[in-house]
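So the structure is just underneath, and the comments pick up after that.
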Amino acid sequence: MFDDFNFLLSDLLYIQTEWGKFYVPRPERYLIYKVISFLDEPAGRQRDVMMFYFCFSRCRKRAELELALKSFCKEALVKKVVKGLKLKFKHESSPAVLEIRKSLAPFGFYDTEAEIFNEMKAFIKCCSLIS
Numbered sequence: 005m006f007d008d009f010n011f012l013l014s015d016l017l018y019i020q021t022e023w024g025k026f027y028v029p030r031p032e033r034y035l036i037y038k039v040i041s042f043l044d045e046p047a048g049r050q051r052d053v054m055m056f057y058f059c060f061s062r063c064r065k066r067a068e069l070e071l072a073l074k075s076f077c078k079e080a081l082v083k084k085v086v087k088g089l090k091l092k093f094k095h096e097s098s099p100a101v102l103e104i105r106k107s108l109a110p111f112g113f114y115d116t117e118a119e120i121f122n123e124m125k126a127f128i129k130c131c132s133l134i135s
């Protein structure tokens, strides 16, 4: 668990607003952290994987995000994420895909199983050594 936090907080972005200055995790690190939280506790962290999916699938700077994710593919934590996601997302009818779909519905998002599965495959590809 501490390795997860160290990964998340090791390279923060500085943001200045009218309310003050803040340090926040980089988006790519945040997404990886959300996935690892889900993989560590799948039954209790459904919202984490739903939030990850939502942020990744609707990212306005997708090319930049994918490039940043590729830079982490050699890290042990990211290898664990890739391995875990490959086990959880084997096909469009995987329980994890259906849970994401079910979690999105109350917020008015009705992505299909195919869309969710394809986005998860795209994320796995971004984080894999072999593209």
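Under the working numbering, the first residue of the sequence shown carries the number 5, and numbering increases by one thereafter. A virtual CB, placed ideally from N, CA and C, is assigned to each residue, including glycine.
When GLU45, LYS94 and GLU123 are compared, the shortest CA-CA separation from PHE56 is found for GLU123. For PHE60, no beta strand (DSSP E) encloses it; the enclosing alpha helix (DSSP H) starts and ends at 50-61. Cα atoms of ARG64 and PRO31: separation of roughly 12 Å, rounded to the nearest angstrom. Taking a cut-off of 8 Å for Cβ pairs, the segment 30-49 and the segment 69-85 touch, as three or more such pairs fall below it. When rounded, the separation of the alpha-carbon atoms in ALA80 and CYS131 is 11 Å.
Of all alpha-carbon atoms in VAL28, PHE58, TRP23 and GLU45, the one lying nearest the alpha-carbon of ALA109 is that of PHE58. Per DSSP, PHE26 is not a residue of any alpha helix (DSSP H); the beta strand (DSSP E) it occupies stretches across 24-29. The continuous beta strand (DSSP E) containing LEU17 extends over residues 16-21. Setting aside the 5 residues that flank it on each side, ALA72 is surrounded in the same chain by ARG30, PRO31 and GLU32, each with a C-beta closer than 8 Å to its C-beta; the list follows chain order.
By the CB criterion at 8 Å, VAL101 and PHE121 fall inside the cutoff.
Closest by C-alpha distance to GLU117, out of SER75, ASP52, LYS94 and ARG66, is LYS94.
DSSP places TYR34 within a helical segment (H, G or I) once states are collapsed to three. The straight-line gap separating the alpha-carbon atoms of PHE111 and ARG62 is approximately 14 Å.
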